[in-house]
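Participant: Attaching a single structure in structure tokens format; questions to follow.
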Ligand SMILES: Cc1ncc(COP(=O)(O)O)c(C=O)c1O
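In the numbering used here, the protein residues as written are 193 to 547.
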């Protein structure tokens with residue numbers, strides 16, 4: 193048995209893989225593979241409508257929100273966002289909390305006047321109460337889960353007159369989201385919702401038409417919303433994978449149940465980390481993530497030995513982010529309790545032998 197704890201792409205539940213295997217052979221008596229469906233046809237229109245419906249149900253979306261199914265990954269959103277929502281000289285507030293928010297800030301700086309309104313310190317996120325939010329900003333952006341450092345906001349910031357925007361790539365649909373506080377949230381799907389190639393944007397309608405810039409049509413929120421995300425060919429198969437994941441999430445009890453599963457899984461590893469000084473968590477207990485568990489061992493040589501022995505035991509893709517090092521276990525929606533228990537048991541055993 194092999195278990196993957198990769199950051200991307202992540203594991204898919206066996207039930208989802210089984211459904212997709214059938215879909216690839218034939219999509220629901222259509223006489224065609226799910227890979228062959230024309231994006232302009234009725235079958236695909238139905239798939240998009242179902243995926244949207246599932247998201248509406250899971251997120252309990254208010255009526256004035258739109259769901260966009262886009263390409264380019266979350267990294268493209270780093271630029272698409274200011275292109276669509278801000279003028280070149282307009283201030284946009286950004287929270288700097290780690291690797292991915294830094295990348296978002298760097299990209300946005302080419303398109304708007306970025307103001308960093310709060311910065312984290314090692315192992316800690318800047319608390320929302322300390323953010324210097326200003327009323328003249330086009331929006332306020334933060335990263336709900338910093339995947340490289342293993343940091344996660346457990347309390348979402350309050351809404352204000354300035355639209356609140358979150359990169360939720362690492363923890364989208366791993367827990368309930370008070371969506372009405374947000375102007376826009378975005379997430380690429382290869383971690384918690386299936387395959388690479390799809391980026392979901394949930395946006396409040398009043399933000400769709402905020403720009404006078406010439407935005408490329410496929411990146412233009414208003415045009416994509418008007419065209420039901422079909423300005424150009426959407427990532428059809430990744431959308432089918434997301435639909436299967438969404439249906440699975442609902443059948444497994446929705447977002448409250450997903451949160452409970454993720455807290456239980458991560459709790460197994462944090463219990464070991466908290467036991468003594470052998471496994472050293474990178475994040476402070478207040479801000480540690482329930483989906484990206486990052487830690488080091490007492491010496492860098494032990495990190496490598498841990499990775500080698502874990503791999504030999506079938507526990508794969510545990511190397512930390514290149515900018516941070518150490519060990520990282522990603523416990524996204526598709527990672528099972530069984531996989532997490534196998535890792536916890538390996539960690540106990542490794543500590544007994546090497547500690
Ligand atoms: C929080 C966060 N934002 C953005 C990204 C980049 O996503 P993509 O590879 O889809 O551009 C990642 C990837 O790991 C991430 O964890």
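Note that beta-carbon positions come from the ideal geometry of N, C-alpha and C, so glycine has one too. As the structure is a computational prediction, the values presented were derived from the model and not from experiment.
Using alpha carbons as the reference points, say which of 314, 276, 271 and 297 lies closest to residue 486.
Facilitator: The residue with the shortest Cα to Cα distance from residue 486 is 314.
Participant: Between the C-alpha atoms of residue 416 and residue 422, what's the straight-line distance to the nearest angstrom?
Facilitator: 7 Å
Participant: Would DSSP call residue 407 helix, strand or coil?
Facilitator: coil
Participant: Do you know offhand how far residue 276's Cα is from residue 395's?
Facilitator: 12 Å
Participant: How many angstroms separate the CA atom of residue 481 from the CA atom of residue 531?
Facilitator: 18 Å
Participant: Can you tell me whether residue 344 is buried or exposed? The criterion is at least 16 other CB atoms within 10 Å of its CB, across all chains shown.
Facilitator: buried
Participant: If I measure Cβ to Cβ from residue 270 and keep anything under 7 Å in the same chain, skipping five residues before and after, which residues do I get?
Facilitator: 295, 296, 299 and 300
Participant: Can you find the residues in the same chain that come closer than 8 Å, C-beta to C-beta, to residue 464, ignoring five residues on each side of it along the sequence?
Facilitator: 471, 536, 539, 540 and 543
Participant: Give a yes or no on whether 7 Å exceeds the smallest Cβ distance from residue 419 to chain D.
Facilitator: Included in the structure is just one protein chain, with no chain D present.
Participant: Which value, in whole angstroms, describes the spacing of the CA atoms of residue 316 and residue 225?
Facilitator: 47 Å
Participant: At which residue ranges does the region 275 to 302 contain complete beta strand (DSSP E) runs of 3 or more residues, listed in the order of the chain?
Facilitator: The region 275 to 302 contains, as complete beta strand (DSSP E) runs of 3+ residues, the segments 283 to 288 (chain order).
Participant: What residue from 331, 433, 524 and 196 has the CA that sits closest to residue 365's CA?
Facilitator: 524
Participant: Less than 6 Å between the CB of residue 359 and some heavy atom of ligand 1, yes or no?
Facilitator: Under cutoff, so the answer is yes.
Participant: As an exercise, report each continuous beta strand (DSSP E) stretch of at least 3 residues that is fully enclosed by the region 315 to 351, in chain order.
Facilitator: Counting only runs of 3 or more, we get 332 to 335.
Participant: Can you grab the Cα-Cα spacing for the pair residue 514 / residue 499, in whole Å?
Facilitator: One C-alpha to the other measures close to 14 Å.
Participant: Give me the DSSP bridge partner(s) of residue 258.
Facilitator: 395
Participant: Mapping DSSP to helix, strand and coil, what is residue 358?
Facilitator: strand
Participant: Find the nearest neighbour of residue 527 within the set 506, 439, 384 and 468, judged by alpha-carbon distance.
Facilitator: It is 384.
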